[in-house]
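Written below as structure tokens is the structure these notes are about.
Protein chains: 2
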Amino acid sequence: MSNPGHSPRIDCLQYANWSEKIFRQMRSGNVDAVHVTIAYHENFRETVHNIERWNRWFEQLPELIFQGRTAEDVQLARETGRTAIFFGFQNPSPMEDDIGLVEVLHTLGARFMQLSYNNQSLLATGCYEADDSGITRMGRQVIREMNRVGMVIDMSHSAERSTLEAIEISERPIAITHANPAFWHPALRNKSDDVLRALGQSGGMLGFSVYPHHLKGSSDCSLQSFCDMIARTADLMGPDRIGIGTDLCQDQPDTVVEWMRVGRWTKEIDYGEGSRENAGFPEMPSWFGDNTDFANIETGLRAAGFDAEGVAAVMGNNWLRFYGQSFGTHTSSVTDGRVQAAQ
Amino acid sequence: MSNPGHSPRIDCLQYANWSEKIFRQMRSGNVDAVHVTIAYHENFRETVHNIERWNRWFEQLPELIFQGRTAEDVQLARETGRTAIFFGFQNPSPMEDDIGLVEVLHTLGARFMQLSYNNQSLLATGCYEADDSGITRMGRQVIREMNRVGMVIDMSHSAERSTLEAIEISERPIAITHANPAFWHPALRNKSDDVLRALGQSGGMLGFSVYPHHLKGSSDCSLQSFCDMIARTADLMGPDRIGIGTDLCQDQPDTVVEWMRVGRWTKEIDYGEGSRENAGFPEMPSWFGDNTDFANIETGLRAAGFDAEGVAAVMGNNWLRFYGQSFGTHTSSVTDGRVQAAQ
């Protein structure tokens, strides 16, 4: 049950209400690797609890999923017909105020960490703050430590200046795992041309989001509009700097979107990208509802003018190369989809 | 063994290496109340551990100290010849990312909380950051909650814009418990005329620090220079807006100043107000080394032109009035040194 018939398929951000059903959909959809969010506002101990839950799934469903730690694990997933699960955080809450936890969390498998969610963190400013003072004193220290151990800096929810500074300060390429260009849909969470250009020039990666609040036309966004946007972004950033990061929040109850937005920081309700009238999870576009729908995006990319190699780059090869460069203490590189440890 | 012979004497900031010796010095010095720092970077659980340590002292030395919770407790201290100990934090770490902990910590006795120490916090910017983006989204929520339960906002270590915004946003007067005016000694931790004027006009309080890094001439600062500075500050802020907050760090080993400065946020050494050559606790000025020396400051204030009432205001009556206004959910007031709960 290996996956020889397709090029790598990697989704660099999901936060579903995980279940065996969803893991089986990953297999049906030939998804080789998924970066899963395992913490929004959880502190260290709570994050460990979430890891315990994943350990149970890995124990119970070894024929479907296993924990990914290196780019080689994506190859292993392809060879054994399974999906490699990579852990990440959308806020630095799991490391609390303790730089020593960066290495501990990397040892536990964390491969991505956002320096901020929507609000100011100890490290950087979130996109919902009125002012952005850039990377903090602690943030500079933590970026260096993440660079050292091989944890990717993710600025998907961070504010503009903080993002540009993170790109500049980090000695390794960073990622925006789930967002779209503001030139296509000027949502607060989508990214300016300046950010995307700096990200591409520094060797970083953008993962295109299918979360309706990030889409032009929201839930009604067409596949063609989405894929034409990807083609324009390839022109802006380079065809090697883009991938998929769907932000799939499948089967989640609306209480979860409230946790994502409100955490424990306010006694009021904050609607984030939503509104009082539209507070819950928005409906997904017709062409992407779960892990079985990646073929639709491939079809859309071909229609938008991508050749087979270009489609493969967007659907997984670019993330695979980036994973190879990013997760170890030494530089790694990927050639023709095969991961080789560098000297 | 009551203290009928002197007006209230309150020190609104100490962080000593507490011991029976120091508590006995408080008694010898007729100190009626001390705001003690019980957390720098401690999280909630660690702060509770520090409270447990204080509970043992209260249990073991009830003839010397007891926990203060209201302004009435200062009067009780005077009537019973003891020192009332009020808890405070120099960083919001004890509340972690959880606004619900504000009330819990107030119930446990916390009466002061700095919105930031030297670095950016989740609530405000510290004075050592390169840029100050003001009070954060969470900070606005937490200020409202502190106002509600009666926990004083302390901006001693915060940056300028954050401090001005805290004064403006808070519906109750705030405090700078331990700092001096920059016009006298332009250290990063000392405060501008703008901040002091806004603080005074809003009914807030400044506590004058004796920590040598805050003193003109450092450890060699003269008592006269210190007291003349107090007189000038009274002119700037009003004679009712000033008190003492010595920042006494008596008997602490240098490892403690490293914890204060470095916490867990960096793997490097940060020297804070010190330097590589002068990394430890500086030597105290000759006229103030411990709790038995408050009479020296009183003498200095008389020499600087304060009358008896003015001296009493600076040495304790102003803080006593402020405590009466600040620690409850309802407004309180102090008249002629007697606390009365307001309607």
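Chains as they are written, first to last, in numbering that gives the first Met the number 0: chain A, 0 to 342; chain B, 0 to 342.
Backbone N, C-alpha and C fix where the C-beta goes; we use that ideal spot for every residue, glycine too.
Quiz item: Shorter than 7 Å from the beta carbon of A:K215 to some beta carbon of chain B?
Solution: Residue-level contact check: A:K215 does not touch chain B, since none of the beta carbons of chain B fall below 7 Å from its beta carbon.
Starting from B:F207 and walking both ways along the beta strand (DSSP E), at which residues does that stretch end? 204-207
Self-check item: Contact belief for B:L187 with B:L195 at Cβ below 8 Å, rounded distance in angstroms
Solution: That pair is no contact at about 15 Å.
**Asked** CA-CA distance, B:P7 and B:T291?
**Response** 15 Å
So B:P133 contacts chain A; which residues on that side make the cut at Cβ distance below 7 Å? One point to set straight first is that residue 133 of chain B is Gly, not Pro, in the sequence displayed. Here the neighbours are D130.
Original post:
CB A:A233 to CB A:A303, shorter than 7 Å?
Top reply: no
For this session: Pick helix, strand or coil for B:C248, following the three-state DSSP scheme.
Result: coil
Quiz item: Opposite B:T36 in the DSSP bridges: which residues?
Solution: B:G87
Residue interval of the beta strand (DSSP E) (run including B:A109):
109-113
Short check: CB of A:M112 to CB of A:M150, under 7 Å?
-> yes
The segment 213-232 of chain B touching the segment 173-186 of chain B, judged by at least three CB pairs closer than 8 Å:
yes
Quick one: which chain A residues come within Cβ less than 8 Å of B:Y116? Contact annotation for B:Y116 against chain A: no contact, minimum CB-CB distance about 10 Å [criterion: below 8 Å].
Classification of B:Q324 by the beta-carbon crowding that lies within 10 angstroms, buried from 16 upward: Flag for B:Q324 reads buried.
- DSSP state of B:Y322 mapped onto helix, strand, coil: helix
Q.
Under 7 Å, Cβ to Cβ, is there at least one residue of chain B near A:I98?
A. yes
(message) Here's the rule: buried if 16 or more other CB atoms are within 10 angstroms of the residue's CB, otherwise exposed. What is B:Q59?
(response) Exposed, because fewer than 16 other Cβ atoms sit within 10 Å of the Cβ of B:Q59.
| message | Would A:R136 pass as an interface residue toward chain B - the criterion being a Cβ-Cβ separation below 7 Å? | response | yes
According to DSSP, is B:F405 part of a helix, a strand, or is it coil? Chain B is shown from 0 up to 342; residue 405 of chain B falls before or after that span and cannot be answered.
Check: Using the beta-carbon of each residue, which ones in chain B are nearer than 8 Å to A:H40?
Finding: D96
Identify the continuous alpha helix (DSSP H) that holds B:G138 and give its terminal residues. DSSP places B:G138 in the uninterrupted alpha helix (DSSP H) bounded by 136-148.
**Uninterrupted alpha helix (DSSP H) stretches inside the segment 206-271 of chain A (no shorter than 4 residues)** = The DSSP assignment places complete alpha helix (DSSP H) segments of no fewer than 4 residues inside the segment 206-271 of chain A at 222-236, 253-261, in order along the chain.
TODO: Could you tell me which chain B residues have their CB closer than 8 Å to the CB of A:S120, listed as they occur along the chain?
DONE: L121
Next on the checklist: Is there a C-beta anywhere in chain B that falls below 7 Å from the one on A:Q113?
Outcome noted: no
Chain A residues whose Cβ lies nearer than 7 Å to that of B:R263: Taking the beta carbon of B:R263 as reference, the chain A residues within 7 Å of it are D96, D97, I98, G99, listed in sequence order.
Boundaries (first-last residue) of the beta strand (DSSP E) holding A:F65: 64-66
Practice item. Note the first and the last residue of the continuous alpha helix (DSSP H) segment covering B:Q74. Key: Where B:Q74 is concerned, the enclosing alpha helix (DSSP H) starts and stops at 70-79.
Under a CB-based cut-off of 7 Å, is A:Q89 close to chain B? no
From the DSSP output, which residues share a beta bridge with A:T82? The partner list for A:T82 (beta bridge, DSSP) reads A:I64.
### Residue from A:R240, A:S161, A:E51, A:I37 whose Cα sits closest to the Cα of A:L114
A:S161
Worksheet item: Quick one, are the C-beta atoms of A:S403 and A:I152 less than 7 Å apart?
Response: This structure cannot settle anything about residue 403 of chain A, because the visible part of chain A is limited to 0 through 342.
(request) Using three-state DSSP, classify B:V194 as helix, strand or coil. (result) helix
- request: Could you spell out where the alpha helix (DSSP H) holding A:S13 opens and where it closes?
  value: Before going further, note that residue 13 of chain A is Gln rather than Ser in the sequence given. Note, A:Q13: premise wrong, no alpha helix (DSSP H); beta strand (DSSP E) at 9-13.
request  = Find the residues of chain A that neighbour B:T124, judging by a C-beta separation of less than 8 Å, and give them in chain order.
outcome  = S132
Look at the alpha carbon of A:F57 and the alpha carbon of B:R263, and state the distance between them as a whole number of angstroms. 33 Å
Answer with yes or no whether the minimum CB distance from B:Q140 to chain A is below 7 Å.
-> For B:Q140, a Cβ of chain A is located within less than 7 Å of the residue's own Cβ.
Using C-beta distances below 6 Å, list every residue in its chain close to A:V333, excluding the 5 sequence neighbours before and after it, in chain order. For A:V333, the predicted structure reports a pLDDT of 42, less than 50, and the residue's modelled location is therefore unreliable. The matter cannot be settled from this model.
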